[in-house]
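Presented below is the structure to which this report refers.
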Amino acid sequence: MKYRILLTVISLSLLLPQDADAQEAHGGTEADQRYGVTEFSVNFMREKPDFPEELGNQLLMGTPVKITGREGYWLRVVSPEPYQAWCVEKGIVEMDREEARRYVSARKYIVTTEYSHVFTEADEDSERISDLVAGDLLRIAFKEGGGMASDTARKCIPARKKGFVKVLMPSGTEGYVRRRDVEEFGKWAATREATPGNIVRTAMMFLGIPYQWGGTSVKGMDCSGFTRMVWFMNGVLLPRNASQQAMSGEKIPYPGKSGVEIQEGTIRSYVAALEPGDLLFFGNGQKATHVGIYIGGGQFIHASQKVRISSLIPGEAGFYEHSSRLMWACRVIGQEDKGTGVTSMLKSPAYFPGEETGHE
């Protein structure tokens, strides 16, 4: 999948001070800079400021962005991947630099079920405020009240009521979410283990979700959005698109030739060296344009028309019709924070900007 990717790292530019030259290059002084946080459960990033335009990416609720332009009710934003595109203004809560810092530092819940809702009361029959999807982030509302400035205090007790927790959306709107649908984000991230078993189990949860070009959520996924979401829900951040992910982790060369019909003996020998959780890349021999997750037994799971399981072995049920385009595999499990494009969520300043979060 082809993307227009910025070369600057938005995670750092969003959260850390910039020198004067960097500020000028991004369009003004530090005081001029505008930031925001995604308010919708899934915000659609379009390549141009109009609804019929191509979908390039999606943002989950609670994702911090930098605002780089405005046209009508559209905002041009840069996400943490980084990716620059246009979102409607209703889906972004605008903030200055300090407000953005405080928001990212605040204690939050992460949605861990596929779908949920924010209600006005601790009652599923009450009015809905918003839908939620896996990976959304909401600030924790505490019993003693207080805004973002006090959200980092570890002694604060989250407000709960009848199987619900009280939350604050990025805009500050209060509501209630089913307790079973969320976990405290910091504790959740600290206990994630991106093992082969966990990666495969998470991937299988998304079976049947329709393919959506530019999609990165359970509302629709493209191939690299699917793999990125699987790792995200295991506490690891991958690059956004297939060609970038193909440069991540430890490369496992394929001995066959891309574009040539797969030979059963060659592919069986190759998959014997793979482990569940390895990423498989397909393309034109030069650039990866498709990615899937190896699950063992010569099979892999990927988003192609829908999230489905295919086989690399000729003659087997579900043989992938484009297997001849196999280029190589990458082992990303165990490669976090080694400079290969695989990042632990706990070490990402877009989610945990250091000691002020209160997380070890």
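Numbers -22 to -1, 1 to 338, taken from mature numbering (1 follows the signal peptide of the UniProt record, and there is no 0), label the letters of the sequence shown in order. Note that the Cβ used here is the ideal one computed from N, Cα and C, for glycine as well.
_Rounding to the nearest angstrom, what Cα-Cα distance links MET199 and GLY192 in this structure?_
7 Å
*Counting Cβ pairs closer than 8 Å, one from the stretch 221 to 233 and one from the stretch 64 to 79, do we hit at least three?*
no
*Roughly how many angstroms separate the alpha carbons of ILE135 and ARG48, rounded to a whole number?*
39 Å
*DSSP three-state call for ASP28: helix, strand or coil?*
coil
*Check whether the Cβ atoms of ALA181 and ILE279 sit closer than 7 Å, and answer yes or no.*
yes
*By DSSP, does ARG286 sit in helix, in strand, or in coil?*
strand
*Would you call the stretch 312 to 323 and the stretch 195 to 214 touching, i.e. three or more CB-CB distances under 8 Å?*
yes
*So what's GLY124 in DSSP terms, helix, strand or just coil?*
Summary for GLY124: the model assigns pLDDT 47, below 50, so the residue's position carries little reliability, and this model does not support an answer.
*asked:* Could you compute how far the alpha carbon of GLY150 sits from the alpha carbon of ASN219?
replied: 32 Å
*asked:* Taking 8 Å as the cut-off, does the stretch 99 to 106 touch the stretch 161 to 175 (at least 3 CB pairs, one atom from each stretch)?
replied: no
*Is DSSP giving HIS4 helix, strand or coil here?*
At HIS4 the pLDDT is 43, less than 50, meaning the model places this residue with poor confidence; the figure from the coordinates comes in the next sentence. In this structure, HIS4 counts as coil in the three-state DSSP scheme.
*Can you check the stretch 155 to 192 for any alpha helix (DSSP H) of at least 4 residues that lies completely inside it and give the ranges in chain order?*
163 to 168 and 174 to 183
*asked:* Measuring straight from C-alpha to C-alpha, what distance separates HIS4 and VAL55?
replied: Caution applies to HIS4, whose pLDDT of 43 falls short of 50 and renders its modelled position unreliable; the model cannot decide the point.
_contact_flag[the stretch 103 to 117, the stretch 26 to 41] where n(CB pairs < 8 Å) is 3 or more_ = yes
_Going by DSSP, what residue range makes up the alpha helix (DSSP H) through MET305?_
Counting along the chain, MET305 falls outside any alpha helix (DSSP H), though it belongs to the beta strand (DSSP E) covering 304 to 309.
*Between the beta-carbon of VAL208 and the beta-carbon of ILE273, is there less than 7 Å?*
no
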